[in-house]
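One structure is given below, encoded as structure tokens.
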Amino acid sequence: MSSDISRPTSISLVILATVAVFYVLVVGKSVLVPLAVAIMIWYVINALSRSYAKLLPWVADRNWVTTLMSLFSIGLFVAFSVDMIQNNISDVSAAAPEYKRNFDALSIKVIQQFNLQDLPNINQVVKGIEIAPLITTLAGTFTNMISDIFIVLIYVLFLMLEQGTFQNKISAMFPNNEQRGSILSILSHAQEDIQTYLWIKTITSLITGTVSYFILLAVGVDFAGFWAFTIFLLNFIPTIGSIIATLFPALLTLIQFDTFGPFLIVLLGVGSVQIAVGNFLEPKLMGNSLNVSPLVVMLSLTLWGSVWGVAGMFLSVPITVMMLIVFAHFKETRHWAILLSGNGSLKFAEQVHSIKSD
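Numbering (this note's numbering), first residue to last: 70 to 427.
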């Protein structure tokens, strides 16, 4: 009888806990998103530091040197990104009147070609579309991003200052050897898998962005460098990012060239690169290193995107990988890890422990 009562109670507690967690994630978005991004940047800094130590053995025993090199690399990337976005927003603003004229001309062609003149208010709708306000909105978004960057950098600074004490804190929190071993195993697998994901994603995104740049350059698309950089960034968002990265420069050709030829070339060219890299090269490089279900990736993308917006989309895969690893290391939650996995097997199943309180 007691077991029959306790089961609904347990389910109710799980539901309440889930609702509470999502409430905190949504309400605390302004604090948690910069913190999550900072943790990811902090992780990348340490991953870069380890890579520099392997590439440059003579500085391997000088952690401060490799850390400075990593910080410099991240700083260069951030500065380049800010400069790239800022300059191109200004250029797009200057070109907006011409784009508006081309858009109006193209709209008239489409209306005449498909006999849409009789549709109610179609001309008013077309004339009412303004490009300048869209650019103003983008500029405002960019300004907000800049302010968030400073908050993220502050978090990263404190994480760097604190990281020397993490090992001691783990030892103090988990004096039991088995408990401490489980926690260290979780951190080790998370570090390995997320690092693999980031490096492979960076390489494939770089290839996609570079090839796309030459396609855009050959067609004569405005701001080819900016669009190639955007393609590089958006490819870190699973599936949806690749689609958006293909559509954006293709749609620009419609208002730049006032004809469908360049649109089809860019759409098919960049789309083919995305398919080739995303469906063939990336899976071959990734192999079974992550072993996360594609359906789970899409659900995670939708979930974290709805909770944390664009930042949540970028972080969805690392968060899912971390959840899978944590679940797999505890017997009580191992069945959840199997559900999240791609093929139902866990490569570190033999290392699963159950942390019990002393």
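Cβ atoms here follow ideal geometry from the backbone N, Cα and C, with glycine treated the same way.
Could you tell me how far apart the beta carbons of residue i and residue j are, in whole angstroms, since I believe they sit closer than 8 Å?
i    : j    : result
A116 : Q264 : 5 Å
W377 : K98  : 6 Å
V225 : I110 : 5 Å
T136 : V128 : Between V128 and T136 the Cβ distance is about 10 Å, and since that is not below 8 Å, they are no contact.
For residue i, count neighbouring C-beta atoms within 10 Å of its own C-beta (all shown protein chains included) and say buried if the count is 16 or more, exposed if not.
i    : result
W133 : exposed
L409 : buried
A314 : buried
F227 : exposed
D130 : exposed
F219 : exposed
D152 : exposed
S71  : Any reading at S71 is ruled out, since the residue's pLDDT is 48, under 50, leaving its predicted position unreliable.
Q236 : exposed
Y92  : exposed
A86  : exposed
H258 : buried
S83  : A quick correction: the sequence has Val, not Ser, at residue 83. Exposed, since its Cβ has fewer than 16 Cβ neighbours within 10 Å.
P387 : buried
V194 : Here V194 scores only 49 on pLDDT, less than 50, and its place in the model is too uncertain to base an answer on.
S240 : exposed
V90  : exposed
F305 : buried
T58  : What is shown of the chain runs 70 to 427, which leaves residue 58 out entirely.
Q343 : buried
V288 : buried
S81  : exposed
M242 : exposed
Apart from the five residues just before and just after residue i, which ones in its own chain have a Cβ nearer than 6 Å to its Cβ?
i    : result
Q420 : Residue placement at Q420 is poorly supported in this model, since its pLDDT is 49, which falls under 50; the coordinates still yield a value, given next. Closer than 6 Å at the Cβ level, and outside the excluded window around Q420, lie S254.
S385 : S369, L370, W373
L303 : G310, I313, A314
Taking 8 Å as the limit between beta carbons, can you name the residues of its chain near residue i, skipping five residues before and five after?
i    : result
V290 : W296, P318, L321, T322, Q325, P331, V335
F329 : L323
L286 : A293
T389 : V361, V365, V366, S369, L409
P189 : The predicted position of P189 is uncertain, since its pLDDT is 49 and thus under 50; a value taken from the coordinates is nonetheless stated next. Here the set comprises nothing.
L35  : Nothing can be reported for residue 35: it is not among the residues displayed for the chain, which extend from 70 to 427.
P363 : G411
V147 : I218
With distance defined between alpha-carbon atoms, name the residue in the options nearest to residue i.
i    : options                : result
F149 : W127, S369, F298       : F298
L354 : I108, L125, L372, K270 : K270
G278 : G411, S341, V366, L230 : S341
N412 : F399, W373, T402, L359 : L359
M392 : E401, I154, M382, A406 : A406
F399 : Y266, I252, M382, P352 : I252
R119 : V88, Q260, V83         : Q260
T273 : P307, M242, D262       : P307
S375 : L85, V96, I239, S81    : V96
V113 : L140, S414, E167       : L140
M65  : L415, T234, V106       : Any question about residue 65 goes unanswered here, given that the chain covers just 70 to 427.
V102 : K238, I177, V221       : V221
G347 : A241, V379, I312, L333 : I312
D262 : L415, S81, A89, V90    : L415
G310 : V379, T402, V288       : V379
F283 : S142, V339, G144       : V339
M229 : V100, A122, Y121, I108 : I108
A345 : V280, L333, K238, K169 : V280
E351 : L333, Y266, L337       : Y266
Can you find the residues in the same chain that come closer than 7 Å, C-beta to C-beta, to residue i, ignoring five residues on each side of it along the sequence?
i    : result
A164 : D291
A174 : D327
V395 : I255
D160 : F292
L316 : none
N171 : I324, Q325, D327
S142 : L117
Using a Cβ-Cβ cut-off of 8 Å, state whether residue i counts as contacting chain B.
i    : result
F243 : The question asks about chain B, but that chain is absent: this structure has only one protein chain.
Exercise. Could you name each continuous alpha helix (DSSP H) segment of 4 residues or more that falls completely within the segment 350-412, going from the start of the chain to the end?
Key: Taking only runs of at least 4 residues, the alpha helix (DSSP H) segments lying wholly in the segment 350-412 are 351-355, 363-397, 403-409.
Can you list the alpha helix (DSSP H) stretches of 4 or more residues lying completely in the segment 205-266, in chain order? Fully enclosed alpha helix (DSSP H) runs of 4 or longer: 235-242.
Worksheet entry | alpha helix (DSSP H) runs contained entirely in the segment 80-128, provided each spans 4 or more residues | For the segment 80-128, the full-length alpha helix (DSSP H) segments reaching 4 residues or more read 98-124 along the chain.
In chain order, each alpha helix (DSSP H) run of at least 4 residues that lies wholly inside the segment 264-311
For the segment 264-311, whole alpha helix (DSSP H) runs of length 4 or above, ordered along the chain, are 293-303.
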